[in-house]
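Protein chains in written order, with our numbering: chain Z, -7 to 457; chain D, -7 to 457. Only one structure is covered here, and it is reproduced in the block below.
Protein chains: 2
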Amino acid sequence: EEGFKAISPAEFFYKNKELAGFSNPARALYQTIRELIENSLDATENYGILPTVKVSIRELEKIPEGGYYEVVVEDNGVGIPPKYVPQAFAQLLFSSKYVLRQSRGMFGLGAKMAVLYAQITTGQPADVIVAPIKSKHIYSFKLKIDIKENKPVILSFSVTSNLHGKHGTLVRLVTLGDWSRAKQRIYEYIKRTAIIAPYAEIGFRDPEGNYILFERVIDKLPPPAREILPHPHGVDIETLKDIIRAKASKPIVETLKESFQGVGETTARRILEEAKIDPGKKSGELTDMEVEVLVKTMKNFKDVKPPRADYLSYLGNEIITAGLNKVFEPEFVYATTRKPSVYEGHAFIVEVGLAYGGKVPLVEKPLVLRYANKIPLLYDEGSDVVIKVLNESIDFSVYEIEFPAPLVILTHICSTKIPYKGVGKEAVADVPEIEKELENAIRDSLRELRSYILRKRKEMEEIEK
Amino acid sequence: EEGFKAISPAEFFYKNKELAGFSNPARALYQTIRELIENSLDATENYGILPTVKVSIRELEKIPEGGYYEVVVEDNGVGIPPKYVPQAFAQLLFSSKYVLRQSRGMFGLGAKMAVLYAQITTGQPADVIVAPIKSKHIYSFKLKIDIKENKPVILSFSVTSNLHGKHGTLVRLVTLGDWSRAKQRIYEYIKRTAIIAPYAEIGFRDPEGNYILFERVIDKLPPPAREILPHPHGVDIETLKDIIRAKASKPIVETLKESFQGVGETTARRILEEAKIDPGKKSGELTDMEVEVLVKTMKNFKDVKPPRADYLSYLGNEIITAGLNKVFEPEFVYATTRKPSVYEGHAFIVEVGLAYGGKVPLVEKPLVLRYANKIPLLYDEGSDVVIKVLNESIDFSVYEIEFPAPLVILTHICSTKIPYKGVGKEAVADVPEIEKELENAIRDSLRELRSYILRKRKEMEEIEK
Ligand SMILES: Nc1ncnc2c1ncn2[C@@H]1O[C@H](COP(=O)(O)OP(=O)(O)OP(=O)(O)O)[C@@H](O)[C@H]1O
Ligand SMILES: Nc1ncnc2c1ncn2[C@@H]1O[C@H](COP(=O)(O)OP(=O)(O)OP(=O)(O)O)[C@@H](O)[C@H]1O
Ligand SMILES: [Mg+2]
Ligand SMILES: [Mg+2]
């Protein structure tokens, strides 16, 4: 009575799909495309494969709210082991990215939200075809989501021989969308993805029959992101209890050394000494009190190396300046990649690129291209930390910039965890450490621009004399 | 292998607690307080009880990140049946508000996030004491959340006699927080709650030992919100399939009449005729194809009454103007409650209040007080639909307002579903229908203000002659 009930994650995100970016047919079409492309890039780049991604949107029927579209995204990635395919596409909160490694995906929701929205708007199942990289077979699935139970429903399954050694994944959905309202953003998303991924080939066929190919311009992948152990400063009671449960019979000093980055024999012993815990005590025998004291001690222990960032995958000067040059043909271009920094135990790197003059259009405020873990962020600028920094901490006149001005600012944040404000991955929260790094990187870039502007002004004055 | 795994909703929101507003100790303390207060107001107001809510925050220990606080929130509400208490406080996605009725709560997460954050930062269980309204007993629980399994852990349970006929709920948590950084917002939240709930008594004892009592100034509750059947225009395939499953043996014409608002015998028959479905066919025997056609037909059926809004609970002129007068002592005050409107099958009402001059401070842009389902929204203004309307659609000079000006704008949106942008309930999404209603209500209010300003100006000119 009283209506008390539990719901599954699928029912939760079905009722509140706008939390995941599916707030109307246009946004839903955009979100569907981007979630699938992000999965394809994760499945190639992180595995040493030069990405080839084919995207197609075909209009099947026009209706008052927009239209029904067939969406197909295909890649040459590592594929997915068939036993995991049903859950990967039809069970929410299922993922291979719940590990401490930089990737575009992080929530275990993207593919499922696309499948869910298609299912509730058209009743159509998702087609998923995988050719796992070492397999001799190709597996085809027709899937729906049992929303009440958050479980896959396998409508059909078949296996064929993989005669040509193909590898990758193809996802096909029939979904409600609104191409006319989503068109500009979808094109912008793909273009902005191509700008910073010149090693990727992306083909896109749109509902109007247009085909555009973003060719691969370099044949070399950046070094991939790697998995890392958690950092002592990011630990909390639950995480430590989990670790202890997994290594219950080991001495606590061994558990600390094996489970955290930057903690060797000496550091582990010093931490345990400060926490007044016998290093030889079996991990599983620590009392709740001892666990709490140990967490406090680790969080506040000064002598640990900062979190490693050599396992992060940043863009770098070359890619940022090449991308800005290609799109804007500016007079002046500059890029900077900051040293790594830390927030709540997660290492992160901030990068900023600047383009000025030349064919950059005149704008009333800087044209900002935001990226996080190599994903272009196009919506919710108003609540993003980058815009906050630009509005609250930067006085452009100090840098000889008066609007309207021909100025583009590109920002990239990469980390083992991007603190997004929402599941739809559009805005990054104003974590103080990230805000500070952005401010420094932007100021540094604007100083370079100012030197250029002043030098040019001087040259002009010389000429006029 | 490959790290594929499923996680529970508890583990998801534990890893991504900033999605729920728990992004740092100061925000977490604020979110903890507001989630508990919102639960207390829902548990009184909606049940015809004049709310008496007691809030206390006591500092137990200062630490580098802020402090450990004991938070206690107690109310005289309907309480909770003891069999549901463990899940209500220690199982995510469990709620009595998953129904179509206006309330502050809607996600089934608020109380659990507060319990979760306290548990992972201090290791302390939550104390929950309930005196259910018709019961002769008082039930006390000590609860923790089994995060992996998203299940309650009952550490202790006891029953005592309820000798004085008390009813209500008390929640006590020991949590990490940062009072100095959260203080201003917590006070603002409570004040803004009191402004629009003059029938509520709210006592607040803060960590510095200060005590403030917001007294009840009227002894009459507004008419409570009521539960309503879904509207045909808001239906989708999954919802209709659910309804059909529950009434499988009934003729489809009966199922439609019983399950949707505004659908009587004639409308039901006309809808089925257009969908080419026999009205007498058993609901459970409809094919998938028929369900899809029926959904399409219902969504587009013009002749249905618009969603009812007489079951929504709005503030009204009296409360809005009294609140603005009390806080700002303005020279001019005005309030308007719009007729109901609809988005995606949910009825909503927009209300706007204006205060100008008198003791209203001079501001560079309007001081905006946003509310949704009677909850004050204090953060994320930059991504809220109200601010979007003010920035993009309102030219204040047209209304004789030149900044700096002494202008306050209060907005309230109430609905069976508020389209929040995030689980932390701080910003409302720019749903087109809501945006339009806000714009109309704000323009209407500003026109009234302009008449006042012009009239005053004329009087001044007369005087100066
Ligand atoms: N194209 C693909 N190639 C290989 N694996 C894929 C592909 N698409 C999805 N997957 C697998 O399915 C899982 C679920 O994808 P999904 O998009 O739902 O979540 P995610 O990418 O892990 O996180 P997020 O919700 O942030 O996108 C992924 O973790 C990945 O293991
Ligand atoms: N003070 C209270 N008095 C009575 N019932 C309460 C109280 N606090 C919580 N509950 C019950 O516990 C349930 C869970 O509360 P919780 O805050 O987690 O979710 P919610 O209020 O339903 O939704 P939201 O996450 O949006 O707040 C509520 O739906 C309500 O039934
Ligand atoms: Mg993904
Ligand atoms: Mg609640």
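Where a beta carbon is used, it is the ideal one built from N, C-alpha and C, also for glycine. Because the structure is a prediction, the values reported are computed rather than measured.
> Using a Cβ-Cβ cut-off of 6 Å (strictly less than) and excluding sequence neighbours within five positions of residue 64(D), which residues of its own chain qualify?
Replying inline: Excluding positions up to five away in sequence, the list reads 48 and 164.
> So, are the CB atoms of residue 84(D) and residue 142(D) less than 7 Å apart?
Replying inline: Yes. Within cutoff.
> Apart from the five residues on each side of it in sequence, which residues of its chain come closer than 6 Å, Cβ to Cβ, to residue 227(Z)?
Replying inline: So the qualifying residues of the chain are 287 and 290.
> In chain D, what lies closer than 8 Å to residue 78(Z) by C-beta?
Replying inline: Listed along the chain, the chain D residues whose CB falls inside 8 Å of the CB of residue 78(Z) amount to none; the nearest CB is some 11 Å away.
> Does the stretch 12 to 24 of chain D come close enough to the stretch 183 to 200 of chain D to have 3 or more Cβ pairs within less than 8 Å?
Replying inline: Touching, no, given that fewer than three Cβ pairs across the two stretches are closer than 8 Å.
>> Suppose the cutoff is 6 Å on Cβ atoms and the five residues either side in sequence are ignored; what does the same chain contact list for residue 309(Z) look like?
In response: Excluding residues within five positions, the ones whose Cβ falls inside 6 Å are 327.
> When we look at the beta-carbon of residue 111(Z) and count the other beta-carbons within 10 Å, is it buried (16 or more) or exposed?
Replying inline: Residue burial annotation: residue 111(Z) is buried, with at least 16 other C-beta atoms found within 10 angstroms of its C-beta.
> With a CB to CB cut of under 6 Å and the five nearest residues on each side skipped, what residues in its chain are close to residue 438(Z)?
Replying inline: In its chain, beyond the 5 residues on either side, 391 have a beta carbon closer than 6 Å to the beta carbon of residue 438(Z).
>> Considering only DSSP beta bridges, list what residue 362(D) is partnered with.
In response: Beta-bridge pairing links residue 362(D) to 369(D) and 403(D).
> At a CB-CB cut-off below 9 Å, which residues of chain Z make contact with residue 86(D)?
Replying inline: At a C-beta separation below 9 Å, residue 86(D) has these neighbours in chain Z: -4, -3, -2 and -1.
> In the DSSP assignment, what residue or residues form a beta bridge with residue 243(D)?
Replying inline: Per DSSP, 274(D).
>> Is there a Cβ of chain D sitting closer than 7 Å to that of residue 222(Z), yes or no?
In response: Put simply, the CB of residue 222(Z) is far from chain D, with every gap to its CB atoms at 7 Å or more.
>> I'd like the list of long-range same chain contacts for residue 89(Z), defined as Cβ closer than 6 Å, with 5 residues on each side in sequence excluded.
In response: Cβ within range, chain order: 95, 97 and 98.
> Would you report the Cα separation of residue 445(D) and residue 311(D), rounded to the nearest angstrom?
Replying inline: CA-to-CA, the gap between residue 445(D) and residue 311(D) works out to about 24 Å.
>> Short of 7 Å Cβ to Cβ, which residues in the stretch 361 to 378 of chain D face chain Z?
In response: Near chain Z, meaning a CB-to-CB distance below 7 Å, the residues of the stretch 361 to 378 of chain D are 372, 374 and 375.
> Which one of 363(Z), 435(Z) and 410(Z) has the shortest CA to CA distance from residue 389(Z)?
Replying inline: Closest in C-alpha terms to residue 389(Z), from the list 363(Z), 435(Z) and 410(Z), comes 435(Z).
>> Looking at the strands, I want to know which residues DSSP matches up with residue 46(Z).
In response: 66(Z) and 195(Z).
> So, helix, strand or coil for residue 167(Z), using DSSP?
Replying inline: Note: residue 167(Z) maps to strand in three-state DSSP.
> Taking residue 212(Z) as the reference, which of 192(Z), 115(Z) and 197(Z) has the closest Cα?
Replying inline: Residue 212(Z) has its Cα closest to that of 192(Z), out of 192(Z), 115(Z) and 197(Z).
> Whose beta carbon lies closer than 5 Å to any heavy atom of ligand 3, going through the chain in order?
Replying inline: Any residue whose Cβ sits closer than 5 Å to a heavy atom of ligand 3 makes the list: 31(Z), 97(Z) and 102(Z).
> In terms of residue numbering, what span does the beta strand (DSSP E) encompassing residue 328(D) cover?
Replying inline: In the DSSP assignment, residue 328(D) falls within the unbroken beta strand (DSSP E) covering 324 to 329.
>> Assuming the contact rule is C-beta atoms closer than 8 Å, residue -1(Z) and residue 100(D) should be a hit. Round their C-beta distance to whole Å, please.
In response: About 7 Å; that satisfies the 8 Å criterion.
>> Counting only Cβ-Cβ distances shorter than 8 Å, please list the residues of the stretch 318 to 334 of chain Z near chain D, keeping chain order.
In response: From the stretch 318 to 334 of chain Z, no residue has a Cβ closer than 8 Å to chain D.
>> What residue range does the beta strand (DSSP E) around residue 343(D) cover?
In response: If you look at residue 343(D), you'll find it in the beta strand (DSSP E) that goes 338 to 348.
> On the three-pair Cβ rule with 8 Å, is the stretch 356 to 366 of chain D touching the stretch 349 to 363 of chain Z?
Replying inline: No, because fewer than three Cβ pairs between the stretch 356 to 366 of chain D and the stretch 349 to 363 of chain Z fall closer than 8 Å, the two stretches do not touch.
> Per the contact definition of three or more C-beta pairs closer than 8 Å, is the stretch 396 to 408 of chain Z in contact with the stretch 315 to 326 of chain Z?
Replying inline: Contact holds between the stretch 315 to 326 of chain Z and the stretch 396 to 408 of chain Z, because three or more Cβ pairs, one in each stretch, are under 8 Å apart.
> Quick one: is the Cβ of residue 46(D) within less than 6 Å of any heavy atom of ligand 2?
Replying inline: At a cut-off of 6 Å, the beta-carbon of residue 46(D) does not count as near ligand 2: no heavy atom of the ligand is closer than that.
> Which residues in chain D sit within 8 Å of residue 56(Z), going by Cβ to Cβ distance?
Replying inline: What residue 56(Z) touches in chain D: 292.
>> Which residue wins for smallest C-alpha separation from residue 150(Z), given the options 78(Z), 62(Z) and 239(Z)?
In response: Nearest of 78(Z), 62(Z) and 239(Z) to residue 150(Z), Cα basis: 78(Z).
> Do we get a CB-CB distance below 7 Å when we pair residue 63(D) with the residues of chain Z?
Replying inline: No - not a single Cβ of chain Z is within 7 Å of the one on residue 63(D).
> Whose C-beta lies closer than 6 Å to the C-beta of residue 338(Z) among residues of the same chain, with five residues either side of it excluded?
Replying inline: Within the same chain, and ignoring the five residues on either side of residue 338(Z) in sequence, the residues whose Cβ sits closer than 6 Å to its Cβ are 407, 408 and 409.
>> Just checking: is the beta-carbon of residue 172(Z) within a distance shorter than 7 Å of some beta-carbon in chain D?
In response: The C-beta of residue 172(Z) comes no closer than 7 Å to any C-beta of chain D.
>> To the nearest angstrom, how far is the alpha carbon of residue 405(Z) from that of residue 218(D)?
In response: The alpha-carbon atoms of residue 405(Z) and residue 218(D) are separated by roughly 46 Å.
> Looking at C-beta atoms only, is the number of pairs between the stretch 335 to 350 of chain D and the stretch 345 to 352 of chain Z that lie closer than 8 Å three or more?
Replying inline: The stretch 335 to 350 of chain D is not in contact with the stretch 345 to 352 of chain Z.
> Quick one: any contact between the stretch 128 to 137 of chain D and the stretch 53 to 69 of chain D, if contact means 3 or more CB pairs under 8 Å?
Replying inline: Cβ pair count under 8 Å is below three, so no.
>> For ligand 2, I want to know if residue 100(D) counts as a neighbour, meaning its beta carbon is within less than 6 Å of at least one of the ligand's heavy atoms.
In response: Yes.
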